[in-house]
Ligand code: NAD
Ligand code: TDX
């Protein structure tokens, strides 16, 4: 029965990972999370206490990280500042958490000889033209665009260097855009769902032609666990589920599923430096580890997600006004 230290386990993907391990493994877990604006203790409140211990703290806190890493078998590192728009307003927390925090964890796993799995994003590769026949592969050169993606790229580079220079036992994964329950309402899909549920018009940046490669969060997490169990040490695996769609298509689908006219939204100011398209080739993961996504039908996954937000107003409603005020101040 492994003991797993999960950083950022009160956030969107990390909390779904905790649930995944509760349902599919007998692992015991310690969650380390600073409970920033993006972390929510409520997200983990109904989970069995005998499987998971929660520690409120910062991944940049070296003595705390050292103590927790020394007592674990494997560290799964989700904690990050994760929102591109915020990184354009104030990049500092991104440098601090994504770079210094990852460095702090790396030094601790090095000291104690522990295994690390580092969670990252496809945004480290920059973007693709709409008609480019290529998709991202593991060997592609990094070319990040935003403060968020550049700090994630820096964190990946640190992990790769610690593997090569110090023999740290680590794997990395870079995943495409996730959707599903417990995602912060600042992000595209939950923002639009909760706008409609609040009687507000959804907001599309620019013309909505930007393409994202959507994957259900449970598929991301099953891939992460497959890499932890069977991945080759030092390797990077791209995680994606062939879910390319432009933002306009996704928004129209949300409106249709919510039984609203599909053109009932506003075009707002575009994101500066907005990446045009992401697309993942996940052949390595599929061939080497036999992983396959289970949410083949995007509409069905989206409907489940809509239902979740409809049924869990208590989870998001208190923060809705402040999130929209923040966007309104920047014309979005
Ligand atoms: P999130 O913003 O929902 O959650 C991040 C969590 O990290 C929060 O609970 C927050 O409190 C915690 N945290 C932030 N700073 C911390 C610190 N200094 N110390 C301890 N905890 C801290 O993010 P998410 O969407 O769940 O993303 C998780 C990871 O997955 C990130 O590394 C992100 O880069 C990566 N990722 C996300 C996506 C996506 O679509 N959301 C896609 C690919 C990769
Ligand atoms: O209101 C909106 N309207 C809109 O058109 C918002 C919030 C976003 N958008 C667009 C911008 C993007 O093209 O939707 C797309 C998705 O936006 P986000 O949800 O902010 O995600 P993105 O910037 O693509 O990054 C996400 O995927 C990769 C995560 O936030 C990252 O953490 C992850 O690394």
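Numbering (the numbering used here), first residue to last: 1 to 332. By construction, the Cβ of each residue, glycine as well, lies at the ideal position given by its N, Cα and C atoms. Being a predicted model, the structure only gives us computed values, none of them experimental.
The bridge partners DSSP lists for residue 77 are 7, 118. Scanning 232, 56, 23, 246 for the CA closest to the CA of residue 128 turns up 246. DSSP places residue 41 within a helical segment (H, G or I) once states are collapsed to three.
Taking 8 Å as the cut-off, the beta carbon of residue 97 is found no closer than this to the beta carbon of residue 5. Counting every other CB atom within 10 Å of its CB across the protein chains shown gives residue 135 a total of 16 or more, marking it as buried. Counting only residues of its own chain and dropping the five nearest sequence neighbours on each side, residue 108 has a CB closer than 6 Å to the CB of 65, 66, 69. When DSSP reads this structure, residue 55 sits in a beta bridge with 32.
For residue 232, there is no enclosing alpha helix (DSSP H), since its DSSP letter is neither H nor E. In the DSSP annotation of this structure, the continuous segment of the alpha helix (DSSP H) that includes residue 284 starts and ends at 283 to 289. As the crow flies, the alpha-carbon of residue 39 is around 17 Å from that of residue 61. Taking residue 18 as the centre and dropping the five residues before and after it, the same chain places the C-beta of 6, 9, 29, 31, 44, 47, 52 closer than 8 Å to its C-beta, in chain order.
At least one heavy atom of the ligand NAD lies less than 7 Å from the C-beta of residue 33.
Annotation for residue 24 indicates a beta carbon at 7 Å or more from all heavy atoms of the ligand NAD.
Scanning 305, 309, 279 for the CA closest to the CA of residue 133 turns up 279. The nearest non-hydrogen atom of the ligand TDX is 7 Å or more from the C-beta of residue 36. A Cβ-Cβ distance of about 6 Å is found for the pair residue 219 and residue 295, placing them in contact under the 8 Å criterion. A buried status is given to residue 252, since no fewer than 16 other beta-carbon atoms sit within 10 Å of its beta-carbon. In this structure, DSSP gives residue 178 an extended state, which the three-state scheme calls strand. Judged by DSSP secondary structure, residue 209 falls outside any alpha helix (DSSP H); it is assigned neither H nor E. Between residue 313 and residue 264 a beta carbon distance of about 21 Å is seen, past the 8 Å cut, so the two are scored as non-contacting. Separation of residue 25 and residue 152 (C-alpha to C-alpha, rounded to the nearest whole angstrom) is 29 Å. Residue 121 has its CB nearer than 7 Å to a heavy atom of the ligand TDX. In this structure, residue 224 keeps its C-beta atom at 8 Å or more from the C-beta atom of residue 282.
Bounds of any alpha helix (DSSP H) do not take in residue 268; it lies within the beta strand (DSSP E) bounded by 266 to 268. For residue 244, the enclosing beta strand (DSSP E) stretches over residues 244 to 246. The beta carbon of residue 93 sits closer than 7 Å to the beta carbons of 81 from its chain, once the five residues preceding and following it are set aside; these are given in chain order.
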